Every structure is written in structure tokens, then in C-alpha cells.
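If you're matching positions, the sequence shown starts at 28 in this note's numbering and goes up one per residue. Just so it is clear, CB atoms sit at the ideal spot from N, CA and C, and this is done for glycine as well. Remember, predicted model here, so these are calculated numbers, not experimental data. Here the structure comes first, spelled out in C-alpha cells, and everything after it is commentary.
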Amino acid sequence: MPDLIKKITRSIPFARSFAGLLILALAPLSADPNASLSLLQAVKTQDAPAIAPTATLDMLALLYYGADGRTATQLGALFGGASQQQVTETAAKAQRQLPGYQRIGSVWFSERVAVTPEFLQAVDGQWKFYTGAAPLRTDPAKAASQINFYYEQQTNGHIKNVVSARELVNQPDMLAVIVSAFVSNWATPFDAGKTRDDVFYRSGDEKFSVKMMSDVRDVPYFADDTFQVAALDVQAKDFSVLFFLPKNARQFDAALSALNGAYLLDVQGKLKKQTVKLSLPRVNFSNTTNWRDVFAKSKLADPFTPGKANFSRINANQPEPLYISHLIEETQIKWNEVGIEARSAGTAIAGPFGEIPSEIEFKANHPFVFVIYNKQEQDVAFAGIIQSKTQMVGQ
Numbered sequence: 028m029p030d031l032i033k034k035i036t037r038s039i040p041f042a043r044s045f046a047g048l049l050i051l052a053l054a055p056l057s058a059d060p061n062a063s064l065s066l067l068q069a070v071k072t073q074d075a076p077a078i079a080p081t082a083t084l085d086m087l088a089l090l091y092y093g094a095d096g097r098t099a100t101q102l103g104a105l106f107g108g109a110s111q112q113q114v115t116e117t118a119a120k121a122q123r124q125l126p127g128y129q130r131i132g133s134v135w136f137s138e139r140v141a142v143t144p145e146f147l148q149a150v151d152g153q154w155k156f157y158t159g160a161a162p163l164r165t166d167p168a169k170a171a172s173q174i175n176f177y178y179e180q181q182t183n184g185h186i187k188n189v190v191s192a193r194e195l196v197n198q199p200d201m202l203a204v205i206v207s208a209f210v211s212n213w214a215t216p217f218d219a220g221k222t223r224d225d226v227f228y229r230s231g232d233e234k235f236s237v238k239m240m241s242d243v244r245d246v247p248y249f250a251d252d253t254f255q256v257a258a259l260d261v262q263a264k265d266f267s268v269l270f271f272l273p274k275n276a277r278q279f280d281a282a283l284s285a286l287n288g289a290y291l292l293d294v295q296g297k298l299k300k301q302t303v304k305l306s307l308p309r310v311n312f313s314n315t316t317n318w319r320d321v322f323a324k325s326k327l328a329d330p331f332t333p334g335k336a337n338f339s340r341i342n343a344n345q346p347e348p349l350y351i352s353h354l355i356e357e358t359q360i361k362w363n364e365v366g367i368e369a370r371s372a373g374t375a376i377a378g379p380f381g382e383i384p385s386e387i388e389f390k391a392n393h394p395f396v397f398v399i400y401n402k403q404e405q406d407v408a409f410a411g412i413i414q415s416k417t418q419m420v421g422q
């Protein structure tokens, strides 16, 4: 993994989640697609937005359980005011493993931290994360090697470098890591022979060439005044991939604002199998989101502020109070004719700004949203906005 952390402050819970080619991210904390899609709204100004929202929420839920006072109140607002006990009960019921999907969490403590029995029990019993001691402060190289070896063993060698010694040089007291993996072929693959160069229109003034996969097939489909929605089944039957293509390409922000949890669940109930001429660009990109920067600018600032954060339920403020100095998520998304991987995935040139023809055609040649939907949990495993040349060109 690239070096994501430039500085780690002393005495912090350092939270980090990945999403990627094996969809590195985390299983849902709770069935709350509204919270998940709100996180996508928060990063929409990035050039290549892609997140694993349930991973971020689960990491924050774990820290919420360890919080007290105003810090707990602020973190609790992310979960609709649910109590810490309610959050842990929900976490205990979460699916840690489904066909094509696996979530692996771990929490590591430095030698000097006396963790409260209540927090250890929640990590092990409710979240079912591995807990271990590592020389985070005294021997960063050994600690990084120990953590990386754990994930290499758990993933049969697929994931080898979760953390580097360089990222531990400022002596953290706690390191939380969530890695989840999803990879699946499409239920019906695309014919690579039908993939053609086409044009993607980011705006009226910006356009670029992409490799466009095409097929005519029966897919779950829905359309209203805001979106065309097409769903592609994958061989991992507990998941599906939804594509939300704004009908009016000039009003993408307005369309994105309408994409909340209620709308997603409503669309799920209205999708009907129809024959659709489907065109999707190949995608292969990565994105890094610094959630600390996002949340620190909001009303959720205390958990990230030394002197204000209160995580005394983790270590009783001994030997020092904790605060979140980093909450980093790296997401990698790839899809092609064969399938979709998220490691946290036509010849005619036509402008995207005209009317939808009477024949059902779903041509994703202007910015659109994808959602990898966990049908078991009724929540969003991954979501992103496809809009940038760096996400598509050269695949």
C-alpha cells in the first residue's frame, strides 16, 4: 500500500480502512443506506470519489463504543442517536463473511496501554476483531511486520502491506485496521469483442475517449425524471451493482442530492427486468479519503481534537488521553468485461445532453453513480462517482 500517513501524533487511536481490488473495506455496521450515501455526498468534490461507507461507519462505531462525554454524543449522532449498547448489538449481528466477501478487523495496542476490560470484550465479542499487542512505540519496524504478517496469513497472501514502519514512527498507542474483500464476476459477462472506443462527456466543455463495454440484455431497470437505474447481478448473489445515470447530465449535483437512503430503497422495490441496450465504460482507479479532514470541519470535531476528545472507555485516559489523529480510507475500484473488483469496478459517438430515446438505452457516457449493494444487510458496501478521465482512460 502507498504511504498514506505523513504524521502520527502521540497517544492516539489511529483508524485506517482500505477498500480495493478484492474490495478492501468493511461490512456494514447497520442497515442505514442513508448514512452511507450521506458520506458519498461529503466527498463529491473529489476528482474520483469512491468510498466504502460501511467500513468508515463501522470503524467510527468501534471508536464510539470507547468514547464518553461530548465525544460520545458527537459520534452517536452518526448513528441516529443509537446508544453505545445498541451499536454493539448491531455490530454483533453483522455479516463478517458472505460468498465473495470477507471482512477482517484488528486492533493493536502499544505495550504501555492498559485497555479496559469492557472495550476488549466489545472488540472481541461484538465486533469480532482480533486484538493484539504490538511494539507500536518502541519498535515500529517489528510492529509493522507483525501486523502485515497477520493480514498476509488471513488473506492467503493476497494482502501483504497494510502498514509501514514509517507510519508508526511517532509512537501511536492504538492502531485499528479494517480490511474487507469482495471480488465477483458478473453473472453474465460482457463480450470483449463488443467493447469500442467511445466518448465520455464530463461537461459541455470537457470530453475524452473511453473503452465502452456494450451489450443488449435483460436487467433490472427503473427510470424516473431524475435517474435511469440499471442493476447488474454478480455471481456473489448477496450483492448487486446499481448504476444511477442522471437523465439530465447538466444537473448532476441536483440528481446526486436526490440519491439518499429512502430513494435507494424505493428504487430497489421498483426495479423490473427489461431489455436494455447497456453501455458502461471500463473503470480502474484508486482514491484516498482523509475522513479526519472531512469530519473535523463539521460538528463532529471533538473526537479529532487533542484536549477535547474523550476516549476514556478505551484506556481510562491512562497513560494519556486518546484522540483520532488519522482516519484514512483507500479505495480501489475496477470493473471490466469479466467482473468487478473493489479492493475498500459502442462505436457511435452521441452527446449526453439529449432526450432518452423511446428504445431503452442506458449509455453511461456522462457522470454517474455506482453502488455496490449488500442485499443481506440492505446497505451500501461501496459507492462512488465516475466522472474523471483518470478513472477510465487507458484501461
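Given this structure, state the Cα-to-Cα distance separating residue i from residue j, to the nearest angstrom.
i	j	result
residue 399	residue 209	10 Å
residue 221	residue 293	33 Å
residue 199	residue 164	6 Å
residue 179	residue 131	11 Å
residue 201	residue 227	44 Å
residue 214	residue 361	16 Å
residue 124	residue 186	17 Å
residue 138	residue 161	7 Å
residue 414	residue 311	12 Å
residue 118	residue 109	12 Å
residue 246	residue 257	7 Å
residue 263	residue 285	28 Å
residue 355	residue 315	7 Å
residue 289	residue 268	17 Å
residue 393	residue 239	12 Å
residue 375	residue 273	Here the model assigns residue 375 a pLDDT of 18, short of 50, so the residue's position is not dependable and the matter cannot be decided.
residue 281	residue 76	17 Å
residue 265	residue 205	21 Å
residue 295	residue 145	39 Å
residue 283	residue 68	8 Å
Spatial neighbours of residue i within its chain, please: C-beta separation below 8 Å, excluding the five flanking residues on both sides.
i	result
residue 104	326 and 327
residue 216	364, 365 and 366
residue 424	No answer is possible for residue 424: it lies beyond the span of the chain, which begins at 28 and ends at 422.
residue 147	158
Where does residue i land, buried or exposed, given buried means 16+ other C-beta within 10 angstroms?
i	result
residue 365	exposed
residue 395	buried
residue 85	buried
residue 332	exposed
residue 88	buried
residue 116	exposed
residue 194	buried
residue 141	exposed
residue 224	exposed
residue 418	buried
residue 309	buried
For residue i, which residues from the same chain have a beta carbon less than 6 Å from its beta carbon, with the 5 sequence-adjacent residues on both sides left out?
i	result
residue 335	329
residue 156	132, 133, 134 and 150
residue 153	115, 118 and 119
residue 389	255, 257, 303 and 305
Taking 7 Å as the limit between beta carbons, can you name the residues of its chain near residue i, skipping five residues before and five after?
i	result
residue 66	78, 80 and 83
residue 34	Reliability of the predicted coordinates at residue 34 is poor, the pLDDT of 25 falling under 50, and no value is obtained from them.
residue 219	364
Please classify residue i: does DSSP put it in a helix, a strand, or coil?
i	result
residue 140	coil
residue 245	strand
residue 176	helix
residue 412	strand
residue 350	coil
residue 395	strand
residue 97	helix
residue 63	helix
residue 121	coil
residue 77	strand
residue 211	strand
residue 340	helix
Per DSSP, which residues does residue i bridge with? Please list them.
i	result
residue 228	234
residue 251	DSSP, once it has assigned bridges, lists no residue as partnering residue 251.
residue 304	243 and 388
residue 280	Beta-bridge pairing links residue 280 to no other residue.
residue 158	134
residue 258	269
residue 406	401
Under the criterion of a Cβ to heavy atom distance below 7 Å, does residue i qualify as lining the ligand COA?
i	result
residue 402	Ligands are entirely absent from the displayed structure, and the ligand COA is therefore not among its contents.
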